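One structure below.
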Amino acid sequence: MEVLILGGGVVGVTTAYQLLKDGHQVLVIDRLPPGIGGASYGNAGLIATGHSIAWGSPKALKIWFNSLFHQDPVFRMKFQADPQFIRWGLKFLFQCTEYKAKRNSLAKHRISSYSQKKLKEVVEETNIQYERNANGLIYLYRNSQAMAASSSHVRLLEEIGQTLETVEKERALEIIPELKDSKDQIAGGVFSPTDESGDSKIFTEQLMEFCRGMGGTFESGVAIERLEASGTKIKRVVTDRGVFTADNYVLCLGAWSPLLVRTSLGVRISVCPV
0 MEVLILGGGV VGVTTAYQLL KDGHQVLVID RLPPGIGGAS YGNAGLIATG HSIAWGSPKA
60 LKIWFNSLFH QDPVFRMKFQ ADPQFIRWGL KFLFQCTEYK AKRNSLAKHR ISSYSQKKLK
120 EVVEETNIQY ERNANGLIYL YRNSQAMAAS SSHVRLLEEI GQTLETVEKE RALEIIPELK
180 DSKDQIAGGV FSPTDESGDS KIFTEQLMEF CRGMGGTFES GVAIERLEAS GTKIKRVVTD
240 RGVFTADNYV LCLGAWSPLL VRTSLGVRIS VCPV
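Numbering (numbering that gives the first Met the number 0), first residue to last: 0 to 273.
Here it is in structure tokens:
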């Protein structure tokens, strides 16, 4: 089967890898060349299963309200006269109940755990090197009130098998000695020994080269203009470099996905970059 993947970031490349493993012909197109721009080339690179807590919660409403009046809040959201943003914002607010916050956190943890499992499989199968650090992550708090507020999140994840350790300042400094110069700003934290980090840019580039060795094709400098469909099936992808067709298509454009599918197909998906 011929598969066309739209987007050459970490999601597009890992999708290509799995499809190539399954024996499909894969072409990936992206407007940017490897290593330039895009979320996969500038994010924190954290595999944070131990921090799989949904943003939408009753507390988020208070934090959002405070952000409108404080200059330097941890979380900030500004009003925008954008119908798409307003529509997304209303959907977000409807998720800010205790029940939905718990449900969404559990769902987020399931997909995070699955993602980490698949990442480990890819690393074992390809032996790619991307500055991986599998020694865990610690989530720090500046005051005891913030630490206490996190206890319900810790209990929720521990109940479903996530290993977490609530640590005081001294233990936090043992885990990360480099924090000693900032010890006066730390009350403690939550240590997740199974979490990890790495360079997503290096990972994406190296996996892309591995995929090329498997027969995958990658074309950069291809700006996608629109999708054309018949009924519920995509028929072709129109770009500034011509028309691309395949048996199946995979959308991996991240924050650019909503605009493309809305203008091309009239489909709305609730994705908002942060």
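Virtual Cβ for every residue (Gly too), placed ideally from N, Cα, C. As the structure is a prediction and not an experimental result, all values here were calculated from the model.
Check: Every unbroken alpha helix (DSSP H) inside the stretch 6-45 [4 residues or more]; Outcome: 9-20
Check: Cα-Cα separation between methionine 207 and proline 32, rounded to whole angstroms; Outcome: 12 Å
Check: Unbroken alpha helix (DSSP H) run spanning alanine 100, endpoints; Outcome: 97-125
Check: Cβ-Cβ distance between glycine 49 and serine 199 below 8 Å; Outcome: no
Check: Assumed close pair valine 221, arginine 30 - CB separation to whole angstroms, cut-off 8 Å; Outcome: 6 Å
Check: Beta-carbon spacing of leucine 118, glycine 188 below 8 Å; Outcome: no
Check: The stretch 213-231 contacting the stretch 132-149, beta-carbon criterion three pairs below 8 Å; Outcome: no
Check: The stretch 8-24 / the stretch 52-59 touching (three or more Cβ pairs under 8 Å); Outcome: no
Check: Glutamate 164 versus tyrosine 40: straight-line alpha-carbon distance, rounded; Outcome: 31 Å
Check: Nearest to asparagine 42 (by Cα), restricted to the options Gly8, Asp239, Met146 and Gln24; Outcome: Gly8
Check: C-alpha distance - alanine 100 paired with alanine 148, whole-angstrom precision; Outcome: 15 Å
Check: Asparagine 247 in three-state terms, based on DSSP; Outcome: strand
Check: Closest Cα partner of proline 272 within the set Asn65, Gly88 and Ile46; Outcome: Gly88
Check: Option nearest threonine 203 by Cα separation, candidates Ile175, Ala145, Lys107 and Arg131; Outcome: Arg131
Check: Span of the alpha helix (DSSP H) around leucine 139; Outcome: First-last for leucine 139: 136-140, but that is the beta strand (DSSP E), not the alpha helix (DSSP H).
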